[in-house]
Structures are given as C-alpha cells and as structure tokens.
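Counting from 1, position 93 in the sequence shown corresponds to residue 93 in UniProt numbering; the numbering is continuous, with no gaps.
Comments concern the structure below.
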Amino acid sequence: MGFFKKIGLTDHPTIDWEMTPEYTFGTFESWGGKERVRSKRERIYYFFIDNWGEKPKLCLMERGIRHARVVAEIQAPRDMIQHCVDSQGKVALFERSFAINEQLRKWLEENIIETGDISRVVVLEEEKGEVLGDPGLPSRRDPLPEGLRCVELPSQPCELSEEDVTRLVRAHDFVDTDRNPEGNFTGYLVDNHDHLTVSDRATGLMWMRSGIDIMSHRMMKKEIERINREGFAGFTDWRLPTMAEAMSLMRREKSERDQFLHPCFSAEQPFIFVAATRSPGGYWFVDYKQGRAFWSSGTIPGGFGRLCRTEKAAAR
1 MGFFKKIGLT DHPTIDWEMT PEYTFGTFES WGGKERVRSK RERIYYFFID NWGEKPKLCL
61 MERGIRHARV VAEIQAPRDM IQHCVDSQGK VALFERSFAI NEQLRKWLEE NIIETGDISR
121 VVVLEEEKGE VLGDPGLPSR RDPLPEGLRC VELPSQPCEL SEEDVTRLVR AHDFVDTDRN
181 PEGNFTGYLV DNHDHLTVSD RATGLMWMRS GIDIMSHRMM KKEIERINRE GFAGFTDWRL
241 PTMAEAMSLM RREKSERDQF LHPCFSAEQP FIFVAATRSP GGYWFVDYKQ GRAFWSSGTI
301 PGGFGRLCRT EKAAAR
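Here you go:
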C-alpha cells in the first residue's frame, strides 16, 4: 500500500477497519489477543479520534501486545471530525478515544489510502524512552522541616463507593479537580539517591519514580509478583497504593510534565490502578493527567501502575 510506504512503514501493513480503541485492550492486553494476534512482533494499524486535547484529532495508531504508538495525524475536514465526536453523546471523562464513523472511513479511503496522497498526513516522530534525571528533591539525609505534619493513611485494599471516595478526599484534604479542587494536602518527598525511588516522609511511603505499562488488573498482579521476586531497588514488598496513598501525590497545579504530580515522577503512567474495587462494581483509578479519581466498569479494565511500599514508620 503506497500510503504506508510514504510514511515510512515498509513491512506490508494493512488497515484493520474493524479495530477500535474499545476493542484494543482485550485484543492486546487482557487476554493476549490469542484469537487475532500471533506474536508480540505483530502490529495492527487502525484510525481513531483522539479527543484528549483542546481539539479532536484523527490519528493512525500502531498497536501490538503491550505496544501502542500514534504514527500520524491526518488532517481531515474539521467539521467531519467534530461530527464524529458529537455523535458519541455524553461520555465519561476518561473516555476520550473514539472509533471513526463511516463518513470518515469513506473520506480516508478516497482521499488518503487509495490515492497515496500524504499532503494531509503529519507523520509523528517515535518518542524515545523517558530518562529520569535528578529528582530535584531534598536528601533523605537532611533534617526534616520544623512542623512537618505526618499522617498514617489507609494501607489495606478495600471496596469504595463514590460517596466513600468523596468523604476520603475531603477528610484528608486531597486535591481532586471534581471533588475538592482547592485541596491542600502536602507531603514531603525526599531523594533516596538510587535514581529509582523517592520517599514521602509525611506518609512513610517509598514510591517508584517510574512505573508499569498499561495492562489488565490480572496481569498487573502478575507483574507486581515478578517485580518483588526480582527485588526492585532492593525491596520485595512493593504493592499497589490504596486510594488515599495514590491521592496523596496529587498536586494543585500541573507540572511541566502536564500532570498534577511532582516532576520527579515519570509522566508515562498518567492514570494508575489503586488497591480498591468499586461498590457496586468496577475498579478505581487515580488520574494524574486529569487530577481526579475515577472508576471504570468495563469487563476488561486496564491501567498503568506506580507501586509503593511502607517504610518502617512515617517520620515523627
């Protein structure tokens, strides 16, 4: 297909017109895609609407098992893209990637795929892996500031209703752009000098600076077991944070990494699993990109991971 060759993809790929953002997780993450994906090297390409920014964009996605890359943006007529978004109706805040409609498919086939015309195609450079530098934090060897308020947060997995989450957020004055936008909870992060972790001396928690790529809840548990077997940063008791623990990292203002999170942390885990299921059903997540807790009731929920562990005691 001339279109692919012109944008630098030469392994004879094809467009999967049936693939949608909704289907990808079950195909590539939750069940490993055994019915459709033959190996971890296989790549599938599909078009979708990215509505996470100020204006929706029509994009080409390259997808594989535990692999996702937006290859290009296609500058289709703006009103056509907006019509596709508007036709979705009311959606949850965390649902911002949409399947294309028949009108866009026909336009793509007639104006891009069949002609090979790439004048409306903006090829995106593949992002290099993130390198975390100096965290820019006080040393854990430094004296603690006078008056540092220490708190012991809930540390056990639990079931939470929407009302429970609202009460928890307000009880600890956590920042949540929906439930408590003026929250003022403040931890005290310090550098552990291992390039891998930081610790919050106010909550007594050690945190991974990086995290775990998107996967299903079932696969996340297996990945945590692997991390503990290998002893990440010298410890074997890493776990998912509770809702309170994950919310304790939320900040009132976005950092230069475009998240409500201290920039010492990787930005590659925008929303993470927490150790809480939702009553009456679903999983809870904390979203540092949108600055809020949310739940998903999907049968194949997926999320990123940022693990923590409890140090012997919070600073007193």
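Cβ coordinates follow ideal geometry from the N, Cα and C atoms, glycine included.
It should be emphasised that the depicted structure is a prediction, and the values quoted were computed from it without experimental measurement.
Report all residues from its chain with a CB closer than 7 Å to the CB of residue i; omit the five preceding and five following residues, and keep chain order.
i, result
"THR299", "Note that THR299 has pLDDT 47, beneath the 50 cutoff, so the model's placement of it is unreliable and no number is given."
"PHE4", "PRO13"
"ALA246", "ILE272, VAL274, VAL286"
"GLU256", "PRO263"
"LEU137", "LEU189, VAL190, ASP191, VAL198, CYS264"
What residues in its chain sit with their C-beta under 8 Å from that of residue i, if we drop five residues either side in the sequence?
i, result
"VAL85", "ILE49, ASN51, PRO56, PHE98"
"GLU253", "PHE260"
"residue 347", "Residue 347 is absent from the model: the chain starts at 1 and stops at 316."
"SER279", "GLU159, LEU160, SER161, ASP164"
"MET250", "PHE174, VAL175, ASP176, GLY183, PHE185, PHE260, LEU261, VAL286, TYR288, GLY291"
"ILE118", "PHE3, LYS6, ILE7, ILE112"
Go ahead and label residue i buried or exposed: buried means 16 or more other beta carbons lie within 10 angstroms of its beta carbon, across all protein chains shown.
i, result
"SER30", "Because SER30 carries a pLDDT of 46, less than 50, the predicted location of this residue cannot be relied on, and the following value inherits that uncertainty. The residue is buried, with at least 16 neighbouring Cβ atoms inside 10 Å."
"VAL175", "buried"
"HIS67", "exposed"
"PRO266", "For the sequence presented, residue 266 should be read as Ser rather than Pro. Flag for SER266 reads buried."
"PRO241", "buried"
"LYS6", "exposed"
"GLY291", "buried"
"GLY149", "It is worth fixing the name first, because residue 149 is Arg in this sequence and not Gly. So ARG149 counts as exposed."
"ASP287", "buried"
"GLY187", "buried"
"GLU35", "Confidence at GLU35 is low in this model, with a pLDDT of 45, below 50, so the placement of that residue should be treated as unreliable; the coordinate-derived value is given next. With fewer than 16 Cβ atoms within 10 Å of its Cβ, GLU35 is classed as exposed."
"VAL71", "buried"
"THR203", "buried"
"THR24", "buried"
"PRO143", "exposed"
"ARG201", "buried"
"GLY281", "exposed"
"SER296", "buried"
According to DSSP, simplified to helix, strand and coil, what is residue i?
i, result
"TYR23", "helix"
"ASN111", "helix"
"THR310", "strand"
"GLY2", "helix"
"ILE81", "helix"
"ARG140", "coil"
"LEU104", "helix"
"ASP134", "coil"
"ASP50", "strand"
"ARG316", "Residue placement at ARG316 is poorly supported in this model, since its pLDDT is 44, which falls under 50; the coordinates still yield a value, given next. It is coil, neither helix nor strand."
Could you confirm whether any beta carbon from chain D is found closer than 7 Å to the beta carbon of residue i?
i, result
"LYS222", "Judged by its chain identifiers, the structure shown contains no chain D, having just a single protein chain."
Tell me which same chain residues have a C-beta within less than 6 Å of the C-beta of residue i, skipping the five on either side of it?
i, result
"HIS172", "PHE185"
"GLU268", "GLU130"
"ILE214", "GLY302, PHE304"
"THR115", "none"
"LEU9", "none"
"THR227", "The identity of residue 227 in the sequence shown is Ile, whereas the question assumes Thr. The residues are TRP238."
Quick check: is any heavy atom of the ligand HEM less than 6 Å from the C-beta of residue i?
i, result
"PHE4", "Here there are no bound small molecules, and the ligand HEM is not part of this structure."
Exercise for the section: Could I get the ranges of all uninterrupted beta strand (DSSP E) runs contained in the UniProt domain "Lcl C-terminal" (197-297), with 3 residues as the minimum, in chain order? Expected result: 197-200, 205-208, 212-216, 271-278, 283-287, 292-296
Handout entry: Residue ranges of each beta strand (DSSP E) within the segment 148-205, 3 or longer
Key = 158-160, 189-191, 197-200
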